[in-house]
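Q:
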Amino acid sequence: MNTYVPKAVQEALDTARLRGMRKKSRLRVMADNELYPVLRIWKTGFSVEAETAPMLRGLVDIYEGARHLSQCLIVASEEDGGEMRYEFKRSTLASDKAPLDFYKSPDAPAGLIPFDQSQGKI
Numbered sequence: 005m006n007t008y009v010p011k012a013v014q015e016a017l018d019t020a021r022l023r024g025m026r027k028k029s030r031l032r033v034m035a036d037n038e039l040y041p042v043l044r045i046w047k048t049g050f051s052v053e054a055e056t057a058p059m060l061r062g063l064v065d066i067y068e069g070a071r072h073l074s075q076c077l078i079v080a081s082e083e084d085g086g087e088m089r090y091e092f093k094r095s096t097l098a099s100d101k102a103p104l105d106f107y108k109s110p111d112a113p114a115g116l117i118p119f120d121q122s123q124g125k126i
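What the sequence shown shows, in our numbering, is residues 5 to 126, in sequence order.
(1) Tell me the rounded alpha-carbon separation between A1 and D18.
(2) With contact counted as at least three CB pairs below 8 Å, one residue from each stretch, are the region 101 to 118 and the region 68 to 84 in contact?
(3) Is I78 buried or exposed, if buried means 16 or more other CB atoms sit within 10 Å of its CB?
(4) Name the DSSP bridge partner or partners of R71?
(5) For A12, does the three-state DSSP call read helix, strand or coil?
(6) For a quick check, are the C-beta atoms of V33 and V64 less than 7 Å apart?
(7) According to DSSP, which residues form a beta bridge with E91?
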């Protein structure tokens, strides 16, 4: 069965679909100090609205609201149905702490309180 959908109807359906995806997603991609809404994200990439975002390339940051999720190196993949898809070349999860360069024992004390033996006080 072949179904023919007029071009105007297809464009209206694509616009409604993109508007719905834009409202649902809290994800944003930051490139060149500009934020663009992410429509969808998957393991190897993400998509943004083709009309609003310029051709992105290189190092970008992905945010969920104000929380920094990851820093990614991206390359444009394809445009389909008003969405521009990008693939990750590298994706590094963001952390709020610096990585340790030594092993920290799980039973290590949280801090050190100095003890003055001459006075017998802490």
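The beta-carbon is built from N, C-alpha and C at its ideal position, and this holds for glycine as well.
A: The relevant details are as follows:
(1) Beyond the ends of the chain as shown, which are 5 and 126, falls residue 1; an answer cannot be given.
(2) no
(3) buried
(4) E68
(5) helix
(6) yes
(7) G49 and V79
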